[in-house]
Amino acid sequence: MSVRELVVLGTASQVPTRHRNHNGYLLRWDGEGILFDPGEGTQRQMLRAGVAAHDIHRICVTHFHGDHSLGLAGVVQRINLDQVRHEVTVHYPQSGQRFFDRLRYATAYRETVELTEAPVSADGAVGSLGSCTLEARRLSHPVESYGYRLIEPDGRRMLPDRLAAHGIKGPDVGLLQREGFVRGVSLDDVSEIRRGQRFAFVMDTRMCEGVHALAEGADMLVIESTFLDEDERLAVEHGHLTAGQAARAARDAGVRHLVLTHFSQRYSEPDDFERQARAAGFDGELTVAHDLLRVPLPKRR
């Protein structure tokens, strides 16, 4: 049975707290896993969350600030220590190649795993996960930063009552799916479009076109909301979003499930983020993330 869920490993911004580790998010997607932004302490959080090195098939780093990347050294070494048998691909801004190199070879260890470097230098497709396409979009932050989006292609759902009404059964169903027509009956007559799922991941950024492009039509949007709305000036100055800004972007993009994360240490009441997101007009599923939380993707419509 396929599983599609987000495992939250850490939710703090620049400074971790007693209850929030630095960033780290694992997306489980049909037997494969994408690890986003492994901040310091991610390896420890993986243990607490029941995530193994073998669960990681791809790593996506949005940018090279420490709270989003200092855990990369430990994760890479753990992948090698556990002798993961599959290839692991790592995406990161190409402009940060020197930082990636330092983290990959921060200390001595024995390399046992095929680790493929796939740096990102422009908007567009950067890889695939099965039939799904992984895209990157440039964000607006003091250092080069990219958000990521996973897009599943649309499929077809066969409708049993229509098949029966047209007398289509057995091998003819497969023939109809392959050829598009059987005995004057078209695929459109007995099926409907099954929209593919979309997952978007947006970290440190001001509001920009990249945010809107990544969020568009997402079934789940994981997005930073470092500040509350009353501190919007600080958000703009440091290249971040507020809870209200994130929620309005999700509302306008038709997001089904909004996950807010990456919270400044200055705030102690998570409910304030939910209140401001609702006040901004977002009425879909809403999660204010906390460490070790598991969030399933919404069921298909």
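Per my numbering, numbering through the sequence shown is continuous, rising by one, with the last residue being 301.
Positions of the beta carbon are idealized from the N, C-alpha and C atoms, including for glycine.
The structure displayed is predicted, hence computed values, not measured ones.
Close beta carbons around residue i, own chain, < 8 Å, minus the five adjacent residues each side
i	result
Arg98	none
Pro171	none
Thr205	Leu139, Ser140, His141, Ser145, Gly147, Val211, Glu224, Gly239, His240, Leu241
Whether residue i touches residue j by CB criterion (8 Å)
i	j	result
Ala215	Ala165	no
Leu258	Leu286	yes
Arg294	Val7	yes
Gly96	Asp30	no
Asp291	Leu9	yes
Gly210	Arg137	yes
Arg28	Val3	yes
Val190	Leu150	no
Gly124	Arg58	no
Gly180	Glu152	no
Pro93	His63	yes
Leu297	Glu5	yes
Arg18	Gln43	no
Proximal residues to residue i (C-beta, below 6 Å), its chain only, five neighbours per side dropped
i	result
Val84	Ala53, His54, Val113
Phe36	Tyr25, Cys60, Phe201
Met1	Residue confidence is low: Met1 scores 49 on pLDDT, short of 50, so the model does not pin down where it sits. Its coordinate-derived value is still stated next. Correct list: empty, nothing qualifies.
Ala218	Arg198, Ala200, Val255
Asn382	This structure cannot speak to residue 382, because the chain is shown only from 1 to 301.
Val222	Phe201, Val259
Val143	His63
Arg104	Val76
Leu72	Pro38, Leu103
Beta-bridge pairing of residue i - partner residues as DSSP gives them
i	result
Ser186	Phe181
His91	Cys60
Ala12	Phe263
Arg195	BP columns for Arg195 are empty, so no partner.
Phe227	Thr242
Pro296	Glu5
Leu353	Since the displayed the chain opens at 1 and closes at 301, residue 353 lies outside it and no answer follows.
Val84	DSSP lists no partner for Val84.
Leu163	DSSP lists no partner for Leu163.
Val222	Phe201, Val259
N- and C-terminal bounds of the beta strand (DSSP E) containing residue i
i	result
His257	257–261
Gly239	Looking at the DSSP string, Gly239 is not in any beta strand (DSSP E), and its letter there is neither H nor E.
Val202	198–202
Arg156	155–158
Leu286	285–288
Ala302	Because the chain spans 1 through 301 in this model, residue 302 falls outside it and cannot be assessed.
Phe36	32–36
Gly147	146–151
Cβ neighbours of residue i in the same chain (closer than 7 Å, five flanking residues each side left out)
i	result
Glu237	none
Asn80	Tyr109, Arg110, Glu111, Thr112, Val113
Gln245	Met207
Val288	Leu260, Pro270, Phe273, Glu274
Ser264	Ser13, Thr226, Phe227
Met46	Leu9
Phe282	Ala247, Ala250, Arg251, Leu258
Terminal residues of the alpha helix (DSSP H) in which residue i lies
i	result
Asp272	271–279
Gly210	209–215
Inset, instruction - Could you tell me which uninterrupted alpha helix (DSSP H) segments, each at least 4 residues in length, are contained entirely in the stretch 95–130, listed from first to last along the chain? - result: 97–104
Inset, instruction - Scan the stretch 47–79 and note each continuous alpha helix (DSSP H) run of 4 residues or more that stays entirely inside, going in chain order. - result: 66–69
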